[in-house]
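Undergrad:
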Amino acid sequence: MMILGAIGGALGGHLGGWRHPDAWPLSMMQLSNSIEFAKTAERGKLHMMFMADGNGVRQMDKPELFAANSPSDRPSVFEPVTLYAALSQHTSRIGFVGTATTTYEEPYTLARKFGSLDHLSGGRAAWNLVTTSNAEDALNFSHSEHVARDTRYGRAREFLDVVRGLWDSWDENAFIQDKTTGRYLDPAGVQVLNHRGEHFAVKGPLNMVRPPQGHPVVFSAGQSEAGKELAAYGSDALFMSVASMQEGQSLYADIKGRMGKYGRSPDQLKLLPALSVLVGRTAAEAEALFDELQSLISPTLGVAYLSKMIGADLSGYPLDGPVPDVAVQSVGGTGIGTSIQQMALREGLTIRQAYERILPQMGGNMIKGDPEQIAAAMTEWFTSKACDGFMITLPLLPRGLNDFVDLVVPLLQQRGVFHMDYEGLTLRSNLGLQRPIRRIAAAKTLTAA
Ligand SMILES: Cc1cc2nc3c(=O)[nH]c(=O)nc-3n(C[C@H](O)[C@H](O)[C@H](O)COP(=O)(O)O)c2cc1C
3 MMILGAIGGA
13 LGGHLGGWRH
23 PDAWPLSMMQ
33 LSNSIEFAKT
43 AERGKLHMMF
53 MADGNGVRQM
63 DKPELFAANS
73 PSDRPSVFEP
83 VTLYAALSQH
93 TSRIGFVGTA
103 TTTYEEPYTL
113 ARKFGSLDHL
123 SGGRAAWNLV
133 TTSNAEDALN
143 FSHSEHVARD
153 TRYGRAREFL
163 DVVRGLWDSW
173 DENAFIQDKT
183 TGRYLDPAGV
193 QVLNHRGEHF
203 AVKGPLNMVR
213 PPQGHPVVFS
223 AGQSEAGKEL
233 AAYGSDALFM
243 SVASMQEGQS
253 LYADIKGRMG
263 KYGRSPDQLK
273 LLPALSVLVG
283 RTAAEAEALF
293 DELQSLISPT
303 LGVAYLSKMI
313 GADLSGYPLD
323 GPVPDVAVQS
333 VGGTGIGTSI
343 QQMALREGLT
353 IRQAYERILP
363 QMGGNMIKGD
373 PEQIAAAMTE
383 WFTSKACDGF
393 MITLPLLPRG
403 LNDFVDLVVP
413 LLQQRGVFHM
423 DYEGLTLRSN
433 LGLQRPIRRI
443 AAAKTLTAA
């Protein structure tokens, strides 16, 4: 079955989305918006909501863009795990994917946070492991520059091993809490990790009984060589950005093909590309909404946005002249800048045409149309092995999510590609992922330590 997640954050996925009359009147730090989002997604049986994250305020060197609040730049947002702790009390089935970085966090505190969320939500927590895309976040963590990619990924892999080891600290039944005997816990049910590696020395155990899912689900996002290898090694799901169905197919085969050497079966890693969905009751309504959103972006803002995405300042070039063949920098090492420039050069786009093209899709893929067209396109991607599902982003909130749930989900269900209801109580079971067996390291038990 197709897996579906919705990308949260109250701004919507289009730079002009928050200005539209149908957008939430206030979008910054509004718990009520996030509760409504989570409940709507759950009404549509979506597997999860997803929050990207970073640790810094971006784009302060691009005043136009900064003042207009580009959705991916997040100048004022909730910390995801904290927000999810609140949302978990208003929902019962939907999963919560929160982004946290291995480059600046510590495994012990991260294992506690996601373990706590898993307990609070009854087994619906997921950690999206990133190594941080925004280089300047380094300056908030006593570093003078971004850590090099190879070092980041080396640390990420060890970090993941440590976190999983910590989640395995306690046997599920270790806390007997027997009032008659006075035994609160069984010391034989805990193990000390005693990890010593290249990047971390962590004794353990974690001060928390094993999470309901055994291990919260682990996502990763990053598709360089190192990113793909990390996903094949240890992720349960990969959040990707692909430009076309064909690219999706080749990445799908590539990444799943790497899993065998780690003793993993390809169905234990779910590949989920971002997909921007603009749905109308009719194709004409979708086009009209698209035009409305586009009209909310001034050319100055459009150029600033394109400059950011492409990684080169285009403000000095004529708006209706060609996108120049200047050196570009990729955003966070993702290669998005190069692919936008290549597309513009290939198709002979002007600067205005290029920003109008990329604005609604945020550097990923967009489909717009009536519900039937959207459902058909998503089904085609899914059945032709370009993905295991999608992380959808809605250009306008809350309208876009309501429309998706009410108009598109029933069609996906009719086509038999999307579930009619949640299969289980935990996110892991709804995603068709095995519950990890607790690894017991005999030499590291409490008695041996
Ligand atoms: C679809 C996608 C979503 C991402 N989301 C985030 C994010 O929310 N926060 C973040 O710091 N990095 C994010 N990243 C970047 C990762 O942190 C990754 O480290 C970065 O892309 C560089 O790794 P790579 O070279 O393997 O792509 C994302 C990357 C992709 C492809």
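When the letters of the sequence shown are read in order and numbered with our numbering, they come out as residues 3 to 451. Beta carbons: idealized from backbone N, C-alpha and C, even for Gly.
Hey, which unbroken runs of the beta strand (DSSP E) at 3 residues or more fall wholly within the segment 36-61?
TA: List check, beta strand (DSSP E) in window: 50-53.
Undergrad: Could you check what DSSP says for residue 304 in three-state terms: helix, strand or coil?
TA: In the structure shown, residue 304 sits in a helix (DSSP, three-state: H, G or I).
Undergrad: Residue 390: beta carbon under 7 Å from a heavy atom of ligand 1?
TA: Every heavy atom of ligand 1 is 7 Å or more from the Cβ of residue 390, so no.
Undergrad: To the nearest angstrom, report how far apart residue 251 and residue 243 are at their CA atoms.
TA: Roughly 12 Å separates the two Cα atoms.
Undergrad: According to DSSP, is residue 156 helix, strand or coil?
TA: It is helical.
Undergrad: Counting Cβ pairs, one atom from each stretch, are 3 or more of them under 8 Å apart for the segment 270-281 and the segment 383-403?
TA: Verdict: yes, contact present.
Undergrad: Suppose the cutoff is 8 Å on Cβ atoms and the five residues either side in sequence are ignored; what does the same chain contact list for residue 237 look like?
TA: Cβ neighbours of residue 237 beyond the five flanking positions: 131, 220, 221, 222 and 271.
Undergrad: Can you name the start and end residues of the beta strand (DSSP E) that residue 223 belongs to?
TA: Segment 219-223, the beta strand (DSSP E) holding residue 223.
Undergrad: Decide yes or no for the touch test of the segment 294-303 against the segment 353-373: beta carbon pairs closer than 8 Å, at least 3 of them.
TA: Yes, the segment 294-303 touches the segment 353-373.
Undergrad: Using the DSSP secondary-structure output, state which residues sit across from residue 192 in a beta bridge.
TA: 172.
Undergrad: DSSP three-state label for residue 381, please.
TA: Reduced to three states, the DSSP call for residue 381 is helix.
Undergrad: Which runs of the alpha helix (DSSP H) at least 4 residues long sit entirely within the segment 404-446? Give them in chain order.
TA: If we require 4 residues or more, the alpha helix (DSSP H) runs fully inside the segment 404-446 come out as 411-416 and 429-432.
Undergrad: Considering just the uninterrupted stretch of the beta strand (DSSP E) at residue 9, what are its terminal residues?
TA: It spans 5-9 - the beta strand (DSSP E) in which residue 9 sits, taken as one unbroken run.
Undergrad: Between the C-alpha atoms of residue 39 and residue 403, what's the straight-line distance to the nearest angstrom?
TA: Computed Cα separation, rounded: 8 Å.
Undergrad: Considering just the uninterrupted stretch of the alpha helix (DSSP H) at residue 230, what are its terminal residues?
TA: It spans 227-236 - the alpha helix (DSSP H) in which residue 230 sits, taken as one unbroken run.
Undergrad: Per DSSP, what kind of secondary structure is residue 71 in: helix, strand or coil?
TA: Residue 71: coil per DSSP, three-state reduction.
Undergrad: How about residue 157: is its Cβ closer than 7 Å to a heavy atom in ligand 1?
TA: The answer is no for residue 157.
Undergrad: Looking at C-beta atoms only, is the number of pairs between the segment 165-181 and the segment 98-114 that lie closer than 8 Å three or more?
TA: At 8 Å Cβ cutoff, the stretches touch.
Undergrad: Can you find a heavy atom of ligand 3 that lies under 7 Å from the Cβ of residue 225?
TA: Absence of ligand 3 from the depicted structure is noted, with ligand 1 being the only ligands included.
Undergrad: So residue 101 and residue 54 are supposed to be a Cβ contact under 8 Å. How far apart are they, rounded?
TA: The Cβ separation is near 5 Å, so the contact holds.
Undergrad: If I measure Cβ to Cβ from residue 417 and keep anything under 7 Å in the same chain, skipping five residues before and after, which residues do I get?
TA: Cβ within range, chain order: 377 and 381.
Undergrad: Taking residue 347 as part of the alpha helix (DSSP H), name the residues at either end of that continuous run.
TA: Taken as a continuous stretch (DSSP letters only), the alpha helix (DSSP H) holding residue 347 covers 338-349.
Undergrad: Below 8 Å between beta carbons: does that hold for residue 454 and residue 47?
TA: As displayed, the chain neither begins before 3 nor continues past 451, which places residue 454 out of reach and without an answer.
Undergrad: Quick one: does the C-beta of residue 140 sit closer than 7 Å to a heavy atom of ligand 1?
TA: Outside the cutoff, so no.
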